[in-house]
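Here's the structure we're looking at; comments come further down.
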Ligand code: SF4
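Residue numbers (our numbering): 368 to 834.
Next comes the structure, spelled out in structure tokens:
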């Protein structure tokens with residue numbers, strides 16, 4: 368990536384502002400349709416007619432302690448009995464959703480996230496899984512060669528036991544995602560997340576012994592006390608452990624929005640933009656040199672991993688978990704704050720536990736949105752840019768965007784080409800956008816050119832920075 372040497376600092380000044388991550392389009396702040404259960408059911412019915420396999424997400428919101436950087440919807444408690452009433456409620460929601468989905472459709476992708484799913488006892492995880500299996504057409508390891516399915520779970524090495532992983536593997540989970548963030552002790556203290564290299568190494572070994580075929584590490588740059596030297600050590604340690612996937616996220620410091628950040632993260636301890644860039648650049652080069660493929664934005668994967676394969680075969684997709692492997696799947700979300708995305712309709716569940724438990728209005732929405740044709744078309748364009756790094760568009764229809772894209776061309780982030788042979792007469796002809804290797808770092812800026820809502824005057828701008 369030679370171009371990086373030339374102008375990354377300059378590009379960062381220009382494009383380093385807040386931009387959506389495009390795990391959906393339109394983005395969640397735009398979901399303002401009043402909730403209609405009938406409309407949601409109609410979307411599910413339409414998805415049944417399509418008959419496609421689908422994704423399932425289950426949200427388990429509990430954590431034993433608060434990591435100060437965290438921006439997730441979580442409930443902190445050391446009392447594990449708190450999960451009992453939650454399990455009762457998600458079982459009800461499993462029935463509520465499961466009964467509406469055609470049994471001919473299969474769950475090709477499943478993710479359990481949180482919070483910390485392994486806050487729950489292994490028996491509780493099994494209880495939920497067994498209930499899911501009654502209402503959803505789940506696959507198991509014997510199906511793996513035929514369906515290439517991915518059943519993944521987020522784990523926190525601090526609260527995950529051998530029994531957890533043995534149970535999860537037996538049930539059919541084949542992927543793990545582990546929050547690592549940074550191995551540096553000073554940083555760990557400042558973010559209230561102490562976990563040793565040895566504990567991560569140990570959990571990884573247990574995962575390997577129990578046939579988890581893909582393990583992801585989440586790392587975060589931009590945390591307190593990080594500098595290039597400290598993070599180099601973390602990168603060395605990560606490479607030594609050799610997970611199949613790495614997500615290297617930029618810490619989103621938004622203290623006005625997250626009280627724990629405001630109270631506990633001292634701004635003067637945060638690395639400046641230049642340091643953050645050095646860290647990212649070094650990490651990127653190191654992972655690529657070690658044989659990882661740069662998928663885009665902040666994801667790296669081993670060439671033999673399904674994420675790399677999906678990238679090569681143009682099956683890569685984005686949903687609320689980031690880059691995933693099964694393009695275009697409907698997604699059904701279960702649990703507090705969970706999001707469903709079905710045939711262009713988005714529904715986010717209630718965010719407050721008391722409202723999620725409310726029997727008067729069962730499974731009402733916190734947010735809801737029904738896409739129109741323009742949304743669906745722009746969603747497809749944004750997906751192609753974010754996932755395939757290439758799209759072809761009608762010049763007449765996207766003339767305004769074409770001219771906005773020219774500055775990205777000058778900066779070497781994209782190539783704009785006329786698809787038709789006559790290069791001087793665009794007329795109603797098509798043009799193509801190819802995101803360069805350098806452009807993948809700023810791919811959400813490029814995609815944002817097609818975000819109708821973001822480009823309105825009073826657009827919501829509370830997004831994380833692109834680098
Ligand atoms: S364990 Fe994960 S979800 Fe829980 S507070 Fe820490 S970062 Fe957030």
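Beta carbons: idealized from backbone N, C-alpha and C, even for Gly.
Bear in mind that the values here come from a model prediction, so they are computed numbers and not experimental data.
- Within the stretch 408-479, the runs of alpha helix (DSSP H) at least 4 residues long that lie entirely inside it are, in chain order, 450-465.
- With distances taken between CA atoms, residue 500 lies nearest to 472 out of 647, 472, 786, 525.
- In the DSSP annotation of this structure, residue 615 is not part of any alpha helix (DSSP H); the continuous beta strand (DSSP E) holding it starts and ends at 612-617.
- Out of 584, 813, 397, 623, the CA that lies nearest to the CA of residue 607 is found in 584.
- DSSP places residue 542 within a strand segment (E or B) once states are collapsed to three.
- In this structure, 398 is the residue among 398, 542, 440 with its C-alpha nearest to the C-alpha of residue 734.
- Within 7 Å of the C-beta of residue 563 there is not a single heavy atom belonging to the ligand SF4.
- Residue side-chain check: residue 546 places its Cβ nearer than 7 Å to a non-hydrogen atom of the ligand SF4.
- Here residue 780 is buried. Its C-beta has 16 or more other C-beta atoms within 10 Å.
- If you draw a straight line from the Cα of residue 536 to the Cα of residue 521, it comes to about 13 Å.
- For residue 567, the enclosing alpha helix (DSSP H) has its first and last residue at 564-576.
- Taking the Cα positions, residue 719 is about 7 Å away from residue 703.
- Around residue 688, the same chain offers 478 as residues with beta carbons nearer than 6 Å, after the five sequence neighbours per side are excluded.
- Cβ contact annotation for residue 723 (same chain, cutoff 7 Å, sequence separation greater than five): 456, 703, 716, 717, in chain order.
- In this structure, the beta-carbon distance from residue 686 to residue 721 does not fall below 8 Å.
- DSSP places residue 653 outside any beta strand (DSSP E); the residue lies instead in the alpha helix (DSSP H), whose first and last residues are 640-656.
- DSSP places residue 661 in the uninterrupted beta strand (DSSP E) bounded by 660-663.
- Between the beta-carbon of residue 591 and that of residue 637 there is about 6 Å, and that keeps the pair under the 8 Å contact cut.
- Annotated three-state conformation of residue 601 is helix, per DSSP.
- Between the alpha carbons of residue 803 and residue 599 lies a gap of roughly 27 Å.
- Counting the other Cβ atoms within 10 Å of the Cβ of residue 416 gives fewer than 16, which makes it exposed.
- Counting only the Cα atoms, residue 614 lies some 14 Å from residue 648.
- Contact between the stretch 655-666 and the stretch 440-454 is absent: fewer than 3 CB-CB pairs across the two stretches fall below 8 Å.
- Proximity of the stretch 622-632 to the stretch 671-680 falls short of the contact definition, fewer than three beta-carbon pairs being nearer than 8 Å.
- Fully contained in the stretch 752-801 are the following beta strand (DSSP E) runs of length 3 or more, in chain order: 757-761, 781-785.
- With a beta-carbon spacing of about 5 Å, residue 762 and residue 798 fall inside the 8 Å limit used to define contacts.
- For residue 609, there is no enclosing beta strand (DSSP E), as DSSP gives it neither H nor E.
- Under DSSP, residue 691 shares a beta bridge with 684.
- In the three-state scheme derived from DSSP, where H, G and I count as helix and E and B as strand, residue 519 is classed as strand.
- Boundaries of the alpha helix (DSSP H) around residue 514: 511-514.
- Shortest gap from the CB of residue 472 to any heavy atom of the ligand SF4: 7 Å or more.
- Around the beta carbon of residue 410, 16 or more other beta carbons lie within 10 angstroms, which makes this residue buried.
- Measuring C-alpha to C-alpha distances from residue 693 to each of 667, 706, 755, 745 identifies 755 as the nearest.
- Counting the other Cβ atoms within 10 Å of the Cβ of residue 628 gives 16 or more, which makes it buried.
- Relative to the non-hydrogen atoms of the ligand SF4, the Cβ of residue 688 never comes closer than 7 Å to any of them.
- DSSP, reduced to helix, strand and coil, places residue 712 within a strand of the structure shown.
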